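Chains S and U supply the protein sequences, listed in that same order. FYI, in my numbering the residues of the first sequence are 976 to 1365. FYI, in my numbering the residues of the second sequence are 244 to 386.
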Amino acid sequence: MIYADNAATTRLSPGALAAMTPYLTQTYGNPSSLYSFAGEAKAALEEARETVARCLNARAEEVFFTSGGTESDNWALRGVAEALGKRGRHILLSAIEHHAVLHTGQWLKKQGFEVELLPVDDQGTVAPETLKKALRPDTILVSVMLANNEIGTIQPIEELAAIAHEGGAIFHTDAVQAVGHIPVDVQALGVDLLSLSGHKFHGPRGVGALYVKKGTPLLPLIHGGGQEHGRRSGTENVAGAVGLAAALRERQDALAADGPRLAALRDRLVQRVLRLPYARLTGHPTRRLPGLASFVFEAIEGESILLQLDARGICASSGSACSSTSLEPSHVLLAIGLPHPVAHGSVRLSFGEAVTEGEVDQVADSLTQVVHDLRAMSPVWDAAAGRPIW
Amino acid sequence: MMYSEKVMDHFNHPRNVGELEDADGVGQVGNPVCGDIMKVYLKITDGVIEDVKFKTFGCGSAIATSSMATEMIKGKTIQEALTLTNAAVAEALDGLPAHKMHCSVLAEEAVKAALADYYTRRGEPVPPECQIDDADSCPLGQG
């Protein structure tokens, strides 16, 4: 089996598992308790926080553990909206955000906020000019993801955050797909809030973090026992935090070597697959996640491609309507301007660091074959002319 | 896996794929906006469906339901083919997920569109069983 769906989730790193195990089996005390047994757990939690902070170039007191990327995104948006709702009601989100952000935006809209979507260009980039024009005196929050989960495009966050700040707005970035895959430095990016998730970089599921720059107005989302300095209640997931930190440090240490290697393999795949006619790479050609290649193929449908790849032992994913329970193709593919028929034929391949050149070539060959086979049975593909008949 | 073994069998080994040069009836339903298009070719001799082929653009269940629907009418009389229902196609595949039932509707409609074409070519009135209600298969494609 070739697992090419690392943007969905990743395998837990053996190192992270080894780091976590003692906090599940031996040092299981509640970090908030008084006895010294609990103190060991507390120390491990704080060490994990420091590790994450170092990897992000943040301060330990700016890192808050959550249950994952979705909670971090919910917290960032709702926490700022509630804190600043009296100052302004206008919120800007990019049109290609993850549903954790978009659906939170829709919820805020129901609460009386004015939520506006920033369009992207055909490569999935939010142009700084677009943000400049959309900002208003009552804009309280701007949220633009660092790297997109479907098409891999990396946004010019430094510029966007600076523009938002000039306009007096708080800037949040969903970095769930980016952390552990590209260098992420919160100081250099200039963001106020940043979401990350452990299982996207070989950490455990059910744990994530929100970076909150010191002084950022943010009310709690989850109320209770007052853990995480009263900002995120709930008994701390010590093993999860330790595992997340261990996985992040591993990835960070390997990034300088893995990043360029993965990007080269990705480009090799893209080059081979694009020998097919009426095939396109979606997203930015170069400013994109190193391990992620996303395509659309005309005259065939994405779910069929995935099932055929599965039959050949390859795990991939698609933004096509038929791979979901709705009839609409992915909002990301529509936002970059793809017409519905073309967006139906999408495939995303996301590789892990362990992938070999041989596996990438096998994926390219299989995908090419699958596209051929499906087009051969498509009523909208003219085999003789080698083009679609839309 | 959300699909039955039968759906996967018909998806991985679709029966009756292709075109018929000398077809007596051809029907195409669906539209590219919704991501499902089925085209059915019929060869009819003495009121019997001698041969049938299909081409489908769509998801796994679209291909599987096309394959199954063509199997169910092959060698049958036109009268038998006119009684084909989407529910029967879905049942023959050991069921479909609820959000994929529209694929079976499309398969039934493709067969009936091809039969309607057969009658039209012969200058005969199209039987009421061939009337297609396009509205329920794809809300995106309307207008």
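Think of the CB as a built atom: it goes at the ideal place given N, C-alpha and C, for glycine as much as any other residue. For clarity, every value in this text was computed on a predicted model and none was experimentally measured.
Closer than 9 Å to chain S by CB, U/K355: Residue-level contact by beta carbon fails for U/K355 and chain S, as no gap is shorter than 9 Å.
Neighbourhood of S/S1118 by C-beta, 6 Å cutoff - its chain only, sequence neighbours within 5 removed: Excluding residues within five positions, the ones whose Cβ falls inside 6 Å are L1068, V1076 and H1147.
Closest residue to S/S1131 among S/A979, S/F1270, S/K1189 and S/R1262 (Cα-Cα distance): Per the sequence shown, residue 1131 of chain S should be read as Pro rather than Ser. That would be S/R1262, whose Cα lies nearest to the Cα of S/P1131.
DSSP state of S/G1183 mapped onto helix, strand, coil: Three-state DSSP puts S/G1183 in a strand.
Residues of the stretch 286–310 of chain U with Cβ closer than 7 Å to any Cβ of chain S, in chain order: Answer set for the stretch 286–310 of chain U: K298, T299, F300, G301, C302, G303 and I306.
Separation of U/A356 from U/C373, as counted between CA atoms: For U/C373 and U/A356, the gap between their C-alpha atoms comes out near 6 Å.
Beta carbon of S/P1112 nearer than 9 Å to that of S/G1142: Yes, Cβ-Cβ distance for S/P1112 and S/G1142 is below 9 Å.
Beta bridge counterpart(s) of S/S1118 as assigned by DSSP: For S/S1118, which the question treats as bridged, DSSP gives the partners S/L1068 and S/H1147.
DSSP state of S/R1263 mapped onto helix, strand, coil: S/R1263 carries a strand assignment under DSSP once its states are collapsed to helix, strand and coil.
C-beta neighbour in chain S for U/L263, strict 9 Å: Not closer than 9 Å to any Cβ of chain S, the Cβ of U/L263 fails to qualify, so no.
Complete runs of the alpha helix (DSSP H) confined to the stretch 1194–1271 of chain S [at least 4 residues]: If you keep only unbroken alpha helix (DSSP H) runs of at least 4 residues inside the stretch 1194–1271 of chain S, you get 1213–1248.
Alpha-carbon spacing of S/C999 relative to U/T299, whole angstroms: Checking the sequence, you will find Leu at residue 999 of chain S rather than Cys. Computed Cα separation, rounded: 52 Å.
Where S/A982 falls, given that 16 or more other Cβ within 10 Å makes a residue buried: Buried is the call here.
Helix, strand or coil at U/C346 according to DSSP, with G and I counted as helix: Reduced to three states, the DSSP call for U/C346 is helix.
Which of helix, strand or coil DSSP assigns to U/N197: An answer regarding residue 197 of chain U cannot be provided, because it is not within the stretch 244 to 386 covered by chain U.
Cβ contact (3+ pairs, closer than 8 Å) linking the stretch 276–286 of chain U and the stretch 336–343 of chain U: Note that the stretch 276–286 of chain U does not touch the stretch 336–343 of chain U; fewer than 3 beta-carbon pairs, one per stretch, sit closer than 8 Å.
Check whether S/S1007 and S/Q1227 have beta carbons under 9 Å apart: Taking 9 Å as the Cβ cut-off, S/S1007 and S/Q1227 do not qualify as a contacting pair.
Chain-ordered chain U contacts of S/V1355 [CB-CB under 7 Å]: Those within 7 Å of S/V1355 in chain U are P275, I280 and F300.
Short CB-CB distance (under 9 Å) between S/S1295 and chain U: For S/S1295, the answer is yes, since a Cβ of chain U falls inside 9 Å of its Cβ.
Euclidean distance between Cα positions of S/A1221 and S/T996: So the alpha carbons of these two residues sit roughly 12 Å apart.
Where U/E293 sits in the DSSP three-state scheme: In this structure, U/E293 counts as strand in the three-state DSSP scheme.
C-alpha gap between U/P368 and U/E351, whole angstroms: Going by the C-alpha atoms only, they are around 20 Å apart.
Short Cβ contact (9 Å threshold) for S/E969 with S/L1185: An answer regarding residue 969 of chain S cannot be provided, because it is not within the stretch 976 to 1365 covered by chain S.
Backbone CA spacing between S/L1196 and S/L1249 [nearest angstrom]: Roughly 45 Å separates the two Cα atoms.
Anticipated Cβ contact below 8 Å, U/S247 with U/L349, distance rounded: Not a contact, Cβ separation roughly 18 Å.
C-alpha distance - S/D1096 paired with S/I1311, whole-angstrom precision: Take the alpha-carbon of S/D1096 and the one of S/I1311: they are about 6 Å apart.
Within-9 Å CB hit, S/G1277 to chain U: Any Cβ of chain U closer than 9 Å to the Cβ of S/G1277 would place that residue at the interface, and such an atom is present.
Whether S/A1150 touches S/A1109 by CB criterion (9 Å): No, these two residues do not count as a Cβ contact at 9 Å.
Endpoints, the beta strand (DSSP E) within which U/N274 is located: Segment G268 to N274, the beta strand (DSSP E) holding U/N274.
Simplified DSSP assignment, three categories, for S/W1365: Looking at S/W1365 - three-state DSSP - the assignment turns out to be coil, as it is neither helix nor strand.
Identified DSSP bridge partners for S/L1324: In the DSSP assignment, the residues bridged to S/L1324 are S/A1268.
Near-chain U residues of the stretch 1316–1327 of chain S (beta-carbon distance less than 7 Å), N- to C-terminal order: Answer in chain order: P1316 and H1319.
Short CB-CB distance (under 9 Å) between S/L1308 and chain U: No, its Cβ sits nowhere closer than 9 Å to a Cβ of chain U.
Spatial distance of S/A993 from S/S1047 (CA atoms): CA-to-CA, the gap between S/A993 and S/S1047 works out to about 26 Å.
Chain S contact for U/V369 (CB, 9 Å cutoff): Not a single CB atom of chain S sits nearer than 9 Å to the CB of U/V369.
Test: S/A1351 CB closer than 9 Å to a CB of chain U: For S/A1351, the nearest beta carbon of chain U is closer than 9 Å to its own beta carbon.
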